[in-house]
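Participant:
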Amino acid sequence: MCHSIARSVVKDCRYRKRSWRAAIVVAFFAVAGMANSADMPPLLSQEQMDASEIQLALQKLNVLGRVLYIAAHPDDENTNLMAFWANGSLYDAAYLSITRGDGGQNLIGPELGERLGVIRTEELLDARRIDHAKQFFTRAIDFGFSKTAEESMRIWNHDKILADVVWVIRNFRPDVIVTRFSPEDEKTHGHHTASAILATEAFSAAADPPAVTIRFSEKHTRKSQRPV
Numbered sequence: 007m008c009h010s011i012a013r014s015v016v017k018d019c020r021y022r023k024r025s026w027r028a029a030i031v032v033a034f035f036a037v038a039g040m041a042n043s044a045d046m047p048p049l050l051s052q053e054q055m056d057a058s059e060i061q062l063a064l065q066k067l068n069v070l071g072r073v074l075y076i077a078a079h080p081d082d083e084n085t086n087l088m089a090f091w092a093n094g095s096l097y098d099a100a101y102l103s104i105t106r107g108d109g110g111q112n113l114i115g116p117e118l119g120e121r122l123g124v125i126r127t128e129e130l131l132d133a134r135r136i137d138h139a140k141q142f143f144t145r146a147i148d149f150g151f152s153k154t155a156e157e158s159m160r161i162w163n164h165d166k167i168l169a170d171v172v173w174v175i176r177n178f179r180p181d182v183i184v185t186r187f188s189p190e191d192e193k194t195h196g197h198h199t200a201s202a203i204l205a206t207e208a209f210s211a212a213a214d215p216p217a218v219t220i221r222f223s224e225k226h227t228r229k230s231q232r233p234v
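For the sequence shown, our numbering begins at 7 and goes up steadily by one.
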């Protein structure tokens, strides 16, 4: 009897020691995990939708239609039209700005060039948050006023920017493409005419894989969005 009690006590003590050790190990990894999770950025960087945005997203499930609006600069888009497409017609709308507007003037601050381009980029992104459309850019630099579309194409590198526009069309897959400017107007800003020419060329090239070979894959373009 005494031996059985003693054995039970010993077993109980050993069990408790193992339990405490296991608890310590679990606690250690839990604390380490909390520390690592505190250092890591959230997996979803997108802002949470409010009730009205959730309702709009649900309403769009019943509507099929995508519209891509293409122009040259951050201030060229018709925001009323973008808002109508995205909220009134419930289409999936997007604006492709060929440049980021870094060659424009700044009357309210000292930022010019690339810094101005950053500001105007943020302005477009803020506008899209309001009208619920998407925003795209190309790698074209806004070098200031251009007299002709040919000059703009030469400075931008026509083939490179055309590939950017084709990439947007192939990935966004619009049903309709709308250009802000005419491809035949020689009396306006060269960037404006060039944006329409690129849109027209990309419309055909996007459906012809041999015509334009994209040298970067979708995987590479999304790599920078992953948590580090």
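For glycine and all other residues, C-beta sits at the position ideal for the given N, C-alpha and C.
I need the straight-line Cα distance from PRO116 to GLY110, nearest angstrom please.
Facilitator: Each residue's alpha carbon lies about 12 Å from the other.
Participant: Can you list, in chain order, the residues of its chain whose CB lies under 6 Å from that of TRP162, leaving out five sequence neighbours each side?
Facilitator: Around TRP162: ALA146.
Participant: Using DSSP with H/G/I as helix, E/B as strand and the rest coil, what is PHE142?
Facilitator: The answer is strand: DSSP assigns PHE142 an E or B state.
Participant: Going by C-alpha distance, which of SER210, LEU62, ILE136 is nearest PRO180?
Facilitator: With distances taken between Cα atoms, PRO180 lies closest to SER210.
Participant: So SER103 is in the beta strand (DSSP E); what residue range does that whole segment cover?
Facilitator: Where SER103 is concerned, the enclosing beta strand (DSSP E) stretches over 98-103.
Participant: Starting from the N-terminal side, write out each stretch of the beta strand (DSSP E) that is 3 residues or longer and does not extend beyond the segment 118-183.
Facilitator: Entirely contained in the segment 118-183, the beta strand (DSSP E) runs reaching 3 residues are, in chain order, 140-143.
Participant: Exposed or buried, what is SER223 when buried is set at 16 or more other beta-carbons lying within 10 Å of its beta-carbon?
Facilitator: At SER223, the pLDDT of 49 sits below 50, so the modelled position is not reliable; the number obtained from the coordinates is stated separately. With fewer than 16 other Cβ atoms within 10 Å, it is exposed.
Participant: Could you have a look at ILE76 and say whether DSSP puts it in helix, strand or coil?
Facilitator: Strand.
Participant: To the nearest angstrom, report how far apart TYR101 and PHE151 are at their CA atoms.
Facilitator: Going from the Cα of TYR101 to the Cα of PHE151 covers about 22 Å.
Participant: Using the Cα positions of VAL172 and ASP98, report the straight-line distance between them to the nearest angstrom.
Facilitator: The alpha-carbon atoms of VAL172 and ASP98 are separated by roughly 18 Å.
Participant: Could you give the C-beta distance for LYS153 and GLY196, rounded to a whole number, given that I count them as a contact under 8 Å?
Facilitator: Confirmed, about 6 Å.
Participant: Within 10 angstroms of its Cβ, does ALA57 collect 16 or more other Cβ (buried), or is it exposed?
Facilitator: It counts as exposed.
Participant: Taking the continuous alpha helix (DSSP H) assigned at ILE60, which residues delimit it?
Facilitator: Per DSSP, ILE60 belongs to the alpha helix (DSSP H) from 57-66.
Participant: My output table needs one value for ALA212: the three-state DSSP class, helix, strand or coil.
Facilitator: Correct three-state label for ALA212: coil.
Participant: Taking the C-alpha atoms as reference points, what is the distance between ASN112 and LEU67?
Facilitator: If I take the Cα positions, the gap works out to 41 Å.
Participant: May I ask you to report which of helix, strand or coil DSSP gives THR85?
Facilitator: Correct three-state label for THR85: helix.
Participant: Kindly indicate which three-state DSSP category THR206 falls into: helix, strand or coil?
Facilitator: DSSP places THR206 in helix when its eight states are reduced to three.
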